[in-house]
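Have a look at the structure below before the remarks.
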Amino acid sequence: MSPTRRALRTGVAAAAAAITMTATVVAPAAAATWPNDTFDLCATNCTVGGTWGGVVWGNRTAELQGTMYDSGGVGTTVYFEAYAGSVKIDGTTRSTPADSASPFHFTIGDPDLVGGFDRLKIQVCQTNSGPYWCSRPVNADRDGVAENLSSN
9 MSPTRRALRT GVAAAAAAIT MTATVVAPAA AATWPNDTFD LCATNCTVGG TWGGVVWGNR
69 TAELQGTMYD SGGVGTTVYF EAYAGSVKID GTTRSTPADS ASPFHFTIGD PDLVGGFDRL
129 KIQVCQTNSG PYWCSRPVNA DRDGVAENLS SN
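Counting from 1 along the sequence shown, just add 8 to a position and that's the residue number in the numbering used here.
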């Protein structure tokens with residue numbers, strides 16, 4: 009494992025701890041209906057760029073926290089899309105410039121949508137003038153199963 013990859017990986021434990029603490033501190037026990045999901049995705053391989061983090065599910069929204077990195081020299085973008093069934097409810101991207109790492113922490117979903125969303129699609133791509141070298145998309149589901157999603 010390269011020193012850059014090793015250094016970036018050390019943030020995984022910190023991000024996971026922060027997600028757990030955030031869920032413990034801000035979410036009352038009654039609201040913790042669904043288990044949290046985690047993800048660790050690479051664009052084409054983990055030497056050029058990727059992301060890792062977690063999803064804390066709420067009733068109508070989800071909180072995402074993690075880190076994305078680029079070591080391929082072109083920049084990395086992570087695409088997040090929230091779905092209720094097959095209907096896209098919300099979507100956002102987070103990007104980091106070439107040869108750097110950037111944390112992210114945000115909420116996705118529609119707080120006014122009764123029932124909220126039940127699936128979060130995540131995909132990471134190396135970027136330059138547009139997306140290329142993308143991971144396969146993975147889906148985190150709001151259900152009774154804690155998922156550890158990976159593109160590896």
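We put the beta carbon where it would ideally sit given N, CA and C, even for glycine.
Being a predicted model, the structure only gives us computed values, none of them experimental.
query: Taking contact to mean at least 3 C-beta pairs separated by less than 8 Å, is the segment 135-151 in contact with the segment 107-122?; result: no
query: Taking the straight line between their C-alpha atoms, what separation do you get for Gly-61 and Gly-83?; result: 18 Å
query: Does the Cβ-Cβ distance between Phe-125 and Thr-69 come in under 9 Å?; result: yes
query: Restricting to Cα atoms, I'd like to know which of Tyr-87, Ala-92, Ser-94 is closest to Thr-104.; result: Tyr-87
query: What does the Cβ neighbour count give for Thr-75, buried or exposed, with the cut at 16 atoms within 10 Å?; result: buried
query: Going by DSSP, what residues sit across from Ile-116 in a beta bridge?; result: Ala-70
query: Identify every residue that forms a DSSP beta bridge with Ile-130.; result: Phe-88, Val-146
query: Does the beta-carbon of Arg-144 have 16 or more other beta-carbons within 10 angstroms, so that it is buried, or is it exposed?; result: exposed
query: Please classify Ala-92: is it buried, with 16 or more other beta-carbons within 10 angstroms of its beta-carbon, or exposed?; result: buried
query: Using CA atoms only, rank isn't needed, just tell me which of Pro-43, Trp-42, Thr-41, Thr-55 is closest to Asn-160.; result: Thr-55
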